[in-house]
Amino acid sequence: MRHHCAEIINKLPSHRLMALDVMRGLTITAMILVNNPGSWGAMYWPLKHAQWHGWTPTDLIFPFFIFIVGMSITLSVNSLRAKGVSDQHILKAGVIRTIKLIALGWFLALFYYNFRDPSFSWVDDKLLQLRVLGVLQRIGLVYLIALCCYLYLSPKKIAITCIALLVFYGAAMLYIPYTLPNGEVVSGLWLHGNNLSAFIDNAVFGSHHLYYANAKPLPFDPEGLFSTLPAIASALSGILAAVYLTKQPELKKQARTLILVGTLAVIAGYAIASITPINKALWTPSYVLLSSGLA
-16 MRHHCAEIIN KLPSHRLMAL DVMRGLTITA MILVNNPGSW GAMYWPLKHA
34 QWHGWTPTDL IFPFFIFIVG MSITLSVNSL RAKGVSDQHI LKAGVIRTIK
84 LIALGWFLAL FYYNFRDPSF SWVDDKLLQL RVLGVLQRIG LVYLIALCCY
134 LYLSPKKIAI TCIALLVFYG AAMLYIPYTL PNGEVVSGLW LHGNNLSAFI
184 DNAVFGSHHL YYANAKPLPF DPEGLFSTLP AIASALSGIL AAVYLTKQPE
234 LKKQARTLIL VGTLAVIAGY AIASITPINK ALWTPSYVLL SSGLA
């Protein structure tokens, strides 16, 4: 076994980070497991999402992917720059990749036809009710914005942007008022179907194009437009982690520093959970700190 592992390590290309490849593999394995738990009627709790506030191991899979996207941006851009590829060309390729991810997300949402139901209308039931946002769409948007940040901002400015996104999103969710369908003006709520992010989703896309189309009082999407802002912060945290790893060659110091920073991030996430509860669907600042810390 030791010899076999040593052969794998020796064959690893020099431009790849083994820890990132291992993390990506483990995250994909976890994703396959939670999407195929056996019986949907009898599942172990770690394979379920939290009902609303709180988290389970399943709630870490998506932010881990976003964190991995951030780390991959750093390593791939560094490799392309070393080969003489211009930032303009890198950005152009990033735009194309984002378009492909969004198009693939829409394709998967539309790729269905109920041949058994003669009254089924693909245009009415699928196309005109297309879920505009989704997992792949969020990954595409977050990837492009994070790529632009790494191309045109220094690591210090990226860190400031990451913090600013979390502060702005948290403050907006707490203090910006919005109007419910009954005319009541409220603010500072983190409820299912009753928060600023849900209000923005419903106002921009309409209920027919959202995942929770029947949520009351406001339909919303767990990969909504406004909640994409803190998801960008998750990717930026991955960028910063990779920047540190590429600049610090000593492995033991890498491990000590990342363990310390990760632990502090988790503690900070729980410290602010009374203000912004840990919530995946809203991608709250506390959720970003927790998930990036664990990542």
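Each residue of the sequence shown is one higher than the one before, counting from -16 in the working numbering.
Ideal placement from N, C-alpha and C gives every residue a C-beta, glycine not left out.
Host alpha helix (DSSP H) of VAL106 (start-end): 105 to 108
In this structure, how does DSSP classify LEU282 when only helix, strand and coil are distinguished? Outside the shown range of the chain (-16 to 278) lies residue 282, about which nothing can therefore be said.
Taking only runs of the alpha helix (DSSP H) that begin and end inside the segment 169 to 214, which ones reach a length of at least 4 residues, in chain order? When DSSP assignments are scanned along the segment 169 to 214, the uninterrupted stretches of alpha helix (DSSP H) that are 4 or more residues long and fall wholly within it turn out to be 179 to 188.
Within 10 Å of its beta-carbon, does CYS(-12) have 16 or more other beta-carbons around it, so buried, or fewer, so exposed? exposed
Short of 7 Å in beta carbon distance, which residues of its chain neighbour ILE44, apart from the five on each side in sequence? Order them along the chain. THR10, ALA13, MET14, VAL17
For THR267, which of helix, strand or coil comes out of DSSP? coil
Could you have a look at TYR152 and say whether DSSP puts it in helix, strand or coil? helix
Can you tell me where the alpha helix (DSSP H) with PHE50 in it begins and where it stops? 44 to 65
Extent of the continuous alpha helix (DSSP H) to which GLU(-10) belongs: -15 to -7
Own chain partners of LYS140 with C-beta closer than 6 Å, once the 5 adjacent residues on each side are dropped: none
C-alpha distance - ILE49 paired with ALA216, whole-angstrom precision: 9 Å
Buried or exposed for ALA147, please, with buried defined as at least 16 other CB atoms from any protein chain shown within 10 angstroms of its CB. When all chains shown are included, ALA147 counts as exposed.
Let me know the secondary structure DSSP gives THR39 once reduced to three states. coil
Cutting at 7 Å between CB atoms, please list the residues of its own chain near HIS36, excluding the five before and the five after it. So the list reads PRO260, ILE261, ASN262, once near-sequence residues are dropped.
Inspect the beta-carbon positions of PRO232 and TRP266 and report whether they are closer than 9 Å. no
Under 9 Å, do GLY221 and SER55 count as touching if we go by C-beta distance? In this structure, GLY221 sits near SER55, with a CB-CB distance shorter than 9 Å.
Look up THR162 in the DSSP assignment and give the residues it is bridged to. Paired residue(s): VAL168.
Is the beta carbon of THR41 closer than 9 Å to that of GLN125? Looking at the sequence shown, residue 125 is not Gln but Val. Going by C-beta atoms, VAL125 is not nearer than 9 Å to THR41.
Between the beta-carbon of VAL187 and the beta-carbon of LEU174, is there less than 9 Å? Not closer than 9 Å, so no.
Quick test of your reading: MET156 and LEU179, contact by CB under 8 Å. State the CB separation rounded to the nearest angstrom. 5 Å
Could you please give the first and the last residue of the uninterrupted alpha helix (DSSP H) stretch that includes LYS235? 234 to 254
Decide yes or no for the touch test of the segment 67 to 80 against the segment 127 to 141: beta carbon pairs closer than 8 Å, at least 3 of them. yes
Identify whether ILE261 lies in helix, strand or coil by the three-state DSSP scheme. coil
Where do the ends of the alpha helix (DSSP H) carrying ARG80 lie? 70 to 93
What is the residue span of the alpha helix (DSSP H) that ALA13 lies within? ALA13: member of the alpha helix (DSSP H) spanning 1 to 18, first to last residue.
DSSP state of SER217, grouped into three classes? Per DSSP, reduced to three states, the secondary structure at SER217 is helical.
Using three-state DSSP, classify ARG280 as helix, strand or coil. Examination of residue 280 is not possible in this model, given that the chain is present from -16 through 278 alone.
Have a look at MET(-16), LEU219, ILE250 and flag the residue whose alpha-carbon is nearest the alpha-carbon of LEU134. Out of MET(-16), LEU219, ILE250, the CA that lies nearest to the CA of LEU134 is found in LEU219.
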